[in-house]
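Reviewing the structure listed below.
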Amino acid sequence: MTRILVLYFTRGGHTAKIANAIADQLMSRGAQVDLVDINSAAATCINWPDYDVVAFGACVLYGTYDKSVFQFIEQHAQALAALSNSFFCVNVVARNPEKRIPKNNKYLQKFIMLSPWTPMDLKIIAGKVDYPSWPWYDRLMIQLIMKITKGPTDPKTVIDYTDWEDVKVYADHLLALAEVAEPA
Ligand SMILES: Cc1cc2nc3c(=O)[nH]c(=O)nc-3n(C[C@H](O)[C@H](O)[C@H](O)COP(=O)(O)O)c2cc1C
Numbered sequence: 440m441t442r443i444l445v446l447y448f449t450r451g452g453h454t455a456k457i458a459n460a461i462a463d464q465l466m467s468r469g470a471q472v473d474l475v476d477i478n479s480a481a482a483t484c485i486n487w488p489d490y491d492v493v494a495f496g497a498c499v500l501y502g503t504y505d506k507s508v509f510q511f512i513e514q515h516a517q518a519l520a521a522l523s524n525s526f527f528c529v530n531v532v533a534r535n536p537e538k539r540i541p542k543n544n545k546y547l548q549k550f551i552m553l554s555p556w557t558p559m560d561l562k563i564i565a566g567k568v569d570y571p572s573w574p575w576y577d578r579l580m581i582q583l584i585m586k587i588t589k590g591p592t593d594p595k596t597v598i599d600y601t602d603w604e605d606v607k608v609y610a611d612h613l614l615a616l617a618e619v620a621e622p623a
């Protein structure tokens with residue numbers, strides 16, 4: 440049975456929802472999955488050799504990633520690199536399909552530049568705009584980003600841009616990564 444570790448950083452819960460959907464799809468395919476928030480107690484006692492594949496997801500906040508994302512990676516860069524691995528980046532600029540291509544997404548490029556772990560596989564997933572749930576200062580800043588990138592600026596806007604079918608395809612792709620890693 441393929442064993443997959445799905446790690447994630449979330450601030451508002453949407454990346455957690457994506458990570459859950461990945462885990463559900465993997466389990467529906469018969470994989471054994473552990474889903475771990477990198478800021479939870481469970482993240483401190485991961486037994487890395489238990490897994491064939493690790494997927495790590497994080498949302499973009501103000502053009503970068505929460506510092507806990509890089510702290511976790513610094514601590515576990517070797518363990519991450521020792522498994523078949525993938526990084527998925529969640530952001531709302533990716534609502535534009537062109538920005539889901541790694542070379543066109545500056546946030547993914549920034550991750551590659553700053554991370555001490557170089558993922559062997561990359562995925563960009565469009566996130567959620569949820570102005571009503573964000574404090575006024577975040578709302579204002581995202582409205583500004585949206586104005587620049589021609590997105591919604593109405594403060595009542597709640598739009599889930601995630602392509603949930605594509606999330607399932609990504610989960611299946613993670614299983615394929617495990618097969619690549621298996622000895623011939
Ligand atoms: C404070 C804040 C800053 C954000 N900054 C960006 C940004 O710079 N670029 C972008 O594309 N999306 C940005 N987003 C959108 C998030 O990446 C998106 O809402 C994502 O779904 C959030 O995931 P989470 O619910 O797991 O935190 C930002 C969201 C928040 C709340």
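As numbered in my numbering, residues 440 to 623 make up the sequence shown, in order. C-beta: ideal position from N, C-alpha, C; glycine also. Note that the structure is a prediction, hence the values are computed from the model and not measured.
Own chain residues within Cβ distance below 6 Å of residue i, not counting five before or after
{"i": "Lys538", "result": "Val532 and Asn544"}
{"i": "Met466", "result": "Val472"}
{"i": "Ala462", "result": "Val445, Val472 and Leu474"}
C-beta atoms of residue i and residue j nearer than 8 Å
{"i": "Tyr490", "j": "Ile443", "result": "yes"}
{"i": "Leu500", "j": "Arg450", "result": "yes"}
{"i": "Thr601", "j": "Tyr570", "result": "no"}
{"i": "Ser525", "j": "Leu616", "result": "yes"}
{"i": "Thr454", "j": "Gly496", "result": "yes"}
{"i": "Lys549", "j": "Thr588", "result": "no"}
Residues near residue i by beta carbon distance below 8 Å, same chain, minus five either side
{"i": "Ala482", "result": "Leu446, Val475, Asp476 and Phe511"}
{"i": "Pro594", "result": "Tyr570, Pro571, Arg578 and Gln582"}
Neighbourhood of residue i by C-beta, 7 Å cutoff - its chain only, sequence neighbours within 5 removed
{"i": "Trp603", "result": "Ala460"}
Self-check item: Entirely enclosed beta strand (DSSP E) segments - the segment 550 to 592, minimum 3 residues
Solution: The qualifying runs are 561 to 565 and 567 to 569.
Quiz item: Near ligand 1, which residues have their beta-carbon closer than 7 Å to a heavy atom?
Solution: Every residue whose Cβ sits closer than 7 Å to any heavy atom of ligand 1 is listed here in chain order: Thr449, Arg450, Gly451, Gly452, His453, Thr454, Ala455, Cys498, Val499, Leu500, Tyr501, Gly502, Val529, Asn530, Val531, Val532, Ala533, Tyr546, Gly566, Lys567, Val568, Asp569, Trp573, Asp577, Met580, Ile581 and Ile584.
Practice problem: Inspect the CB distances between the segment 519 to 532 and the segment 555 to 572 and report whether three or more fall short of 8 Å. | Solution: yes
Practice problem: Would you check if the segment 573 to 582 and the segment 601 to 615 touch, i.e. whether three or more CB-CB distances between them fall below 8 Å? | Solution: no
Practice problem: Could I get the ranges of all uninterrupted beta strand (DSSP E) runs contained in the segment 480 to 506, with 3 residues as the minimum, in chain order? | Solution: The qualifying runs are 492 to 498.
Quiz item: Along the chain, which unbroken stretches of the alpha helix (DSSP H) at least 4 residues long are found entirely within the segment 519 to 548?
Solution: Runs of the alpha helix (DSSP H) inside the segment 519 to 548: none found.
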